[in-house]
Structures are given as structure tokens and as C-alpha cells.
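The opening position of the sequence shown corresponds to residue 27 in this note's numbering, with each subsequent residue numbered one higher. We treat Cβ as the ideally placed atom computed from N, Cα and C, and that holds for glycine. Since the structure is predicted, the reported quantities are computational estimates derived from the model, not experimental observations. For reference, the structure discussed in these notes is given below.
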Amino acid sequence: MRLRKIHNFPLLAVLLLSLFPLLIKSLTSWRTEAAALLAVTYALPCVFNFKKLSQAAQRLVVMLLVFDVMVAAYVGFGISEVHYDFVAGEIIWSLVCIIAVYTDLLFDRRGKKLLLFFSVAIILFSVLYLTRAGLSAVSRSLKEGEHLSSAQYSSMIMLFAGLYIMVFLKDRRILHRLLGAAVYIMSFVVIAVVLQRGINTTFLVLLLAAMLFYNKKRSVNRTMAGTVVIALAVIFVYSGMLESAMLNWTGLFSERLSERLVSIIEVFRTGEVDKFEVSFIHRIRLIISSLDTWTGSLLSLLVGIGEREGFDTYVISNHSDIVDTLGKYGLLGAVIMYNILVNYYRWIIEKTAPYLAKGSTTLTLVICLFSAFILRGLLGVVFIPEIAVVISIILPLMVQLVINERGHTE
């Protein structure tokens with residue numbers, strides 16, 4: 027591949043360079059500078075090519091820009107009691123999404139291959155690095171002290187692993203399938219053992235189960251398999267066998283993880299929430315606090331109260347990007363976020379469906395992955411640059427360049 031022949035290579039080079047601080051935790055101190063470089067470099071190309079975008083893409087770009095203006099304005103007018111660096115992640119998330127919308131217009135097939143290769147390579151490097159560096163690699167400082175942001179980073183790894191489940195299920199090339207299996211296993215080890223994240227471990231297992239379920243061609247087989255799984259789950263939960271199994275197996279890797287998973291199972295089995303002061307229950311209470319904040323007054327109902335740093339105040343949870351939008355920005359933010367997510371989904375389908383064979387289940391797997399992104403947004407933080415790279419850049423390119431069931435070329 028001759029780099030000088032890649033269309034708009036200088037633009038691509040800036041994007042590739044920016045991927046390092048966006049994806050590697052130890053370089054996040056350079057994230058704002060990388061975002062500024064991206065904004066300056068891509069401003070004119072994006073403006074000049076706006077009319078060439080599809081309707082869904084145009085609406086997505088406009089709503090993302092409106093979201094950025096709203097977030098920045100709340101900080102500027104003092105409604106949000108934080109500095110700009112606290113909301114930088116959300117703004118850079120939308121910036122990466124906007125640039126991703128333009129990849130088909132700005133880059134040729136060789137350029138997109140290079141972008142896909144670098145994105146995947148950097149994430150794989152970060153996964154391998156985390157296995158060595160451990161939790162210290164994902165810590166950050168807040169006003170309450172040192173906190174771990176491993177939940178956010180493990181969400182990115184979980185969704186990235188979901189992409190490679192698709193590769194494993196849909197790519198006929200044996201090396202690609204082996205790579206897909208290896209990526210999933212490595213991701214599981216990082217999330218469950220190194221980062222010890224109970225919710226993302228659960229998501230990773232459920233995502234695999236959903237994709238295996240929808241990959242079956244015969245509906246009878248799906249129904250039978252689903253019935254067996256549900257029956258076994260009911261038997262295990264109500265007999266106490268599942269708790270014992272969790273302690274025996276997950277305890278080998280992480281006592282913290284095993285205790286959390288068992289506590290969650292006990293809550294669902296007994297319904298006695300107050301007896302189990304675990305992270306999951308605390309997370310739900312924090313999310314409910316955002317809803318209480320939103321409905322606290324007519325003003326907060328309409329425009330919210332802005333950002334708040336720290337989740338110990340029980341005002342804004344900072345544990346659910348989607349629900350927190352209501353508390354932060356009220357109905358105004360809810361309308362903007364609804365339009366973003368709807369057009370985001372439409373754009374993802376638009377970028378993947380033409381490359382998939384008629385009647386293929388791959389599109390369903392894409393929807394499963396996007397659904398995991400939405401569900402994780404209800405239970406955590408997903409509007410971060412790392413996840414924007416996975417969902418907005420890698421997902422469409424993976425379908426176009428790797429799975430590509432119709433053999434389309436640009």
C-alpha cells in the first residue's frame with residue numbers, strides 16, 4: 027500500500043496520530059490537544075462535504091454539534107459547576123462520531139483499511155498493556171481523591187470484543203476466526219480478572235449468548251436453545267446452585283467480582299435489596315437520584331441543573347449517561363439525545379446493511395452490538411472517545427472491509 031496514493035492522506039495521518047491519546051489511557055493527558063487538532067484539521071472538509079451526506083448522517087452531525095454547544099454553554103454560563111476538562115470526554119466523543127460520518131467521503135478503500143488496522147492494533151495493544159499494568163493504568167483523580175475509571179475503559183473493551191464475536195461467527199477465513207476467538211478471550215480476562223468489572227463481565231457473556239442465539243438459521247433451534255437456557259437458569263437461581271458455582275469459578279480469578287455477581291443474583295432471587303450493599307445496587311440508587319433531580323422542580327424538568335463533579339452528592343449520578351442527561355439538561359437535553367441516538371442507529375444501519383447478504387443474520391448481530399452500547403449507556407458511561415472509535419469507526423469498517431458478504435469495493 028503506497029501511502030502517497032491514499033486519498034486525503036494528510037487528513038488520515040492526523041486522525042491516526044490522534045488515535046493514540048484517544049485510545050491509550052496513559053496518554054489521555056494529550057486528549058484535549060488531539061481533539062483540538064482534529065477539529066481544526068477537519069472543520070473545512072466537513073463543512074464542504076456536508077451536503078453529500080445522507081439525511082440520517084446530516085441530522086446526526088447537526089444534533090451532535092447542538093449537543094456540544096449545549097454542554098459548552100452550560101459550563102460557560104455557570105449552570106454546570108465543573109470546568110471544561112470535566113465535560114471534554116463528551117465533547118470529544120461527539121467530535122469523533124462526526125469525523126467517522128465523513129470517512130466514506132474523505133478516504134478511499136486503502137485509507138479506510140489503514141484506519142481500521144491502526145484502530146484495532148492500538149486497542150489490542152492497550153488490552154495487552156492492561157494485563158501487565160493492571161488497575162493503576164486506568165486510575166484518575168477527582169476532587170474526592172483517586173478513583174478508578176476502569177468501568178468506562180472496560181465498556182470499550184467489551185464492545186470491541188463484541189465486534190470480534192461477529193468476525194468469529196461470520197468470517198469464513200480461519201485466521202480471522204481464530205483472531206476473533208483470541209480477542210474475545212483476552213477481553214474477558216482483562217474485564218473479569220484485571221479490571222474486575224462485574225457489569226461488563228455480565229454484558230460480555232450476554233453479548234456472546236445473544237449473538238450465538240441470533241446466528242442460528244432455524245427458528246426452531248433458537249426456540250429450543252432459548253427454552254433450555256431459561257429453564258436451566260431458573261433451576262440454578264432458585265436452587266442456590268448458581269451462587270455456589272459463581273463462588274467456585276469466579277473466585278479463582280477475582281474475589282471482588284465473584285462477591286458482586288453472587289450478590290446481584292441474590293437480589294433478583296430474594297427481592298431484598300437493602301440487605302446487599304453492592305456496587306450494582308448503589309449504581310441503581312445513584313441513577314434514581316438523577317431522576318429525582320430531574321423532577322425536583324419545573325426548571326430542572328425543562329433545562330436540568332447542569333454537570334456536577336462527583337457522585338457522592340446524590341444529585342447527578344455520573345453512572346448513566348442516558349439517564350443523567352435528564353438531570354443535567356432536562357427535557358432540552360432529552361430531545362437532543364433522543365435525536366442523536368435515533369439518527370446514530372439509522373446511520374450505523376445505513377453504513378453496514380449494503381455490505382450484507384439478503385437474509386443474513388449479520389445485521390441482527392450489528393443491532394445486538396448497538397443495543398449493548400445503549401443498554402450500557404443506561405447503566406454507565408459510554409459517551410467517551412474510546413467507545414466512539416469502536417462504534418463509529420471500527421464497526422462500519424469491520425463490516426465493509428472484513429465481513430463484507432456482498433464483496434462490494436469502493
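(Q) Using a 10 Å radius around the Cβ and a threshold of 16 neighbouring Cβ atoms, would you call D111 buried or exposed? (A) Start at 1 with the first residue of the sequence shown, and residue 111 comes out as number 85. That one is exposed.
Take every Cβ of the stretch 313-332, pair it with every Cβ of the stretch 52-63, and state whether three or more of those distances are shorter than 8 angstroms.
-> no
State the CB to CB distance for the pair I413 and S181, rounded to an integer number of angstroms; the pair is presumed to be in contact (CB under 8 angstroms). Position 387 of the sequence shown, counting from 1, holds the residue named residue 413. Position 155 of the sequence shown, counting from 1, holds the residue named residue 181. Indeed they touch by this definition, with Cβ atoms about 6 angstroms apart.
### Query
What is the rounded straight-line gap between the Cα of S343 and the Cα of F409?
To locate residue 343, count along the sequence shown from 1; it is residue 317. To locate residue 409, count along the sequence shown from 1; it is residue 383. The alpha-carbon atoms of S343 and F409 are separated by roughly 15 angstroms.
*With distances taken from CA atoms, which of L141, I417, Q81 is nearest L38?*
The residue labelled residue 38 in the question sits at position 12 within the sequence shown. If we check each option's Cα against that of L38, L141 comes out closest.
(Q) With H, G and I counted as helix, E and B as strand and the rest as coil, what does DSSP make of T321? (A) Taking the first residue of the sequence shown as position 1, residue 321 is located at position 295. Residue state, collapsed to three classes: coil.
Subject >> Residues of its chain near T58, where Cβ-Cβ distance is below 6 angstroms and the 5 sequence neighbours each way are ignored >> reply: Taking the first residue of the sequence shown as position 1, residue 58 is located at position 32. Excluding residues within five positions, the ones whose Cβ falls inside 6 angstroms are A114.
Inter-stretch contact at 8 angstroms, needing at least 3 Cβ pairs: the stretch 186-198 / the stretch 387-402: yes
Helix, strand or coil: which one does DSSP assign to S386?
Within the sequence shown, the letter at position 360 stands for residue 386. Looking at S386 - three-state DSSP - the assignment turns out to be coil, as it is neither helix nor strand.
Exercise. What separation, rounded to the nearest whole angstrom, lies between the Cα atoms of I397 and G206?
Worked result: Translated into the one-based positions of the sequence shown, residue 397 becomes position 371. Translated into the one-based positions of the sequence shown, residue 206 becomes position 180. What sits at residue 397 in the sequence shown is Ser, not Ile. The straight-line gap from Cα to Cα measures roughly 20 angstroms.
| query | Could you check where the alpha helix (DSSP H) with S120 kicks off and where it finishes? | reply | On the sequence shown, residue 120 is found 94 positions in, with the first residue counted as 1. Its alpha helix (DSSP H) spans residues 110-127.
In three-state terms, what does DSSP make of N75?
Residue numbering aside, residue 75 sits at position 49 when the sequence shown is read from its first letter. N75 falls in the coil class under three-state DSSP.
message = Excluding the 5 residues flanking S203 on each side, which residues of the same chain have their C-beta closer than 8 angstroms to its C-beta?
response = Against the sequence shown, residue 203 aligns to sequence position 177. Ser is not the amino acid found at residue 203; the sequence shown has Arg there. Result list for R203: V193, F194, D197, in chain order.
**Simplified DSSP assignment, three categories, for V40** = Stepping through the sequence shown from its first residue, residue 40 is reached at position 14. In this structure, V40 counts as helix in the three-state DSSP scheme.
**Study point:** Rounded C-alpha distance that separates K169 from R334
**Key:** Against the sequence shown, residue 169 aligns to sequence position 143. Against the sequence shown, residue 334 aligns to sequence position 308. Caution is warranted here: a pLDDT of 42 is assigned to K169, below 50, making its placement in the model unreliable, and the coordinate value is therefore given only provisionally. Cα to Cα, K169 sits roughly 11 angstroms from R334.
Margin query: Beta-carbon within less than 6 angstroms of A83's beta-carbon, same chain only, minus the 5 sequence neighbours each way: which residues are those?
Written below: Position 57 of the sequence shown, counted from the start, is the residue given in the question as residue 83. So the qualifying residues of the chain are V127, W373.
query = Would a check of beta-carbon distances place I124 closer than 7 angstroms to chain D?
reply = Checking the listed chains, one finds no chain D in this structure; it contains a single protein chain.
Please report how far the alpha carbon of V101 lies from the alpha carbon of V108, in whole angstroms.
Residue 101 sits at position 75 when you count from the first residue of the sequence shown. Residue 108 sits at position 82 when you count from the first residue of the sequence shown. Those two C-alpha atoms are separated by around 7 angstroms.
Under three-state DSSP, which class holds F35? Residue mapping note: residue 35 aligns to position 9 of the sequence shown, counting from 1. Note: F35 maps to helix in three-state DSSP.
Collapsed DSSP secondary structure at D134 in the structure displayed = Here residue 134 corresponds to residue number 108 of the sequence shown, with the count starting at 1. If DSSP states are grouped into helix, strand and coil, D134 belongs with coil.
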